[in-house]
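The next block holds one structure in the form of structure tokens; read it before the comments.
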Amino acid sequence: MSKIKGQNVVVLIKDGAWKAVAFMTVCELDESVSVIETGSADSGNWRHVKPKRHSWQVTSGYLMSNAEQAVNLKALFDNDTRIQIAFCEVPDHPEPMSEPPVYLPDYLNDHALKRSGFCYITRLTQTARNKDLVTQSVTFTGDGQLWSDLHELQDFNDDFNDDFNN
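Start counting at 1 in the sequence shown, then tack on 521, and there's your number in the numbering used here.
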């Protein structure tokens, strides 16, 4: 079994096709669960808890460029747009690219590392340090379940839209 390399993990945004955010340098998926305390004063010295609510967040950082990006994150942030993202493994890039490639869901489903869901951009940060390249960080906060299968997500999305439109 081969190891997954950091340079092969990206955040993709569904904008017609799955599009990578350009010049990705850092990707992080944080899944968490809040707990409620179930013990009482009579249950002894040890705390007892029960899982309650799951949540997830994806953070990504990348080098900024003056080239036009495949996805306008600022517009999505300004418009409070609910978006669909995937956190997943992609193939090696044979050479540096000025534009990120478009990935097909069938290809993405062939890899072990893939999580997808609906979210909102809740933070955009640009960092400019003296004599360094400018970076941008983006935080996506999940809205609902985080899925392990992109087809399962698409089926859920179709059902959600059917229910919402009826």
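Positions of the beta carbon are idealized from the N, C-alpha and C atoms, including for glycine.
Please say whether residue j and residue i have beta carbons closer to each other than 7 Å?
i: Val579; j: Phe608; result: yes
i: Thr660; j: Tyr641; result: no
i: Leu667; j: Trp567; result: no
i: Tyr583; j: Thr559; result: no
Grouping DSSP H, G and I as helix and E and B as strand, with all else coil, what is residue i?
i: Lys635; result: strand
i: Gly665; result: coil
i: Ala497; result: Residue numbering for the chain in the displayed model covers 522 to 687; residue 497 lies beyond these limits and cannot be assessed.
i: Lys573; result: strand
i: Asp601; result: coil
i: Lys595; result: helix
Going by DSSP, which residues form a beta bridge with residue i?
i: Gly582; result: Val547, Ser658
i: Glu589; result: In DSSP, Glu589 forms no bridge with anything.
i: Ser553; result: Ser576
i: Arg568; result: DSSP output for Arg568 lists no bridge partner at all.
i: Val531; result: Cys609
i: Asp536; result: Ala538
i: Ile642; result: Phe661
Apart from the five residues just before and just after residue i, which ones in its own chain have a Cβ nearer than 8 Å to its Cβ?
i: Ile557; result: Val570, Lys571, Lys573
i: Met585; result: Phe544, Gln647, Leu654, Val655, Thr656, Gln657
i: Glu549; result: Val579, Thr580, Ser581
i: Asp601; result: Tyr641
i: Gly537; result: none
i: Asp551; result: Trp577, Gln578, Val579, Thr580
i: Ser523; result: none
To the nearest whole angstrom, what separates the beta carbons of residue i and residue j, a pair I think is in contact under 8 Å?
i: Gln707; j: Ser637; result: Residue coverage of the chain in this structure runs from 522 to 687, which leaves residue 707 outside it and unanswerable.
i: His575; j: Val542; result: Wrong, their Cβ atoms sit about 25 Å apart, outside the cutoff.
Beta-carbon within less than 6 Å of residue i's beta-carbon, same chain only, minus the 5 sequence neighbours each way: which residues are those?
i: Phe598; result: Ile642, Leu645
i: Ala649; result: Val655
If I measure Cβ to Cβ from residue i and keep anything under 7 Å in the same chain, skipping five residues before and after, which residues do I get?
i: Asp664; result: Arg603, Phe639, Cys640, Tyr641
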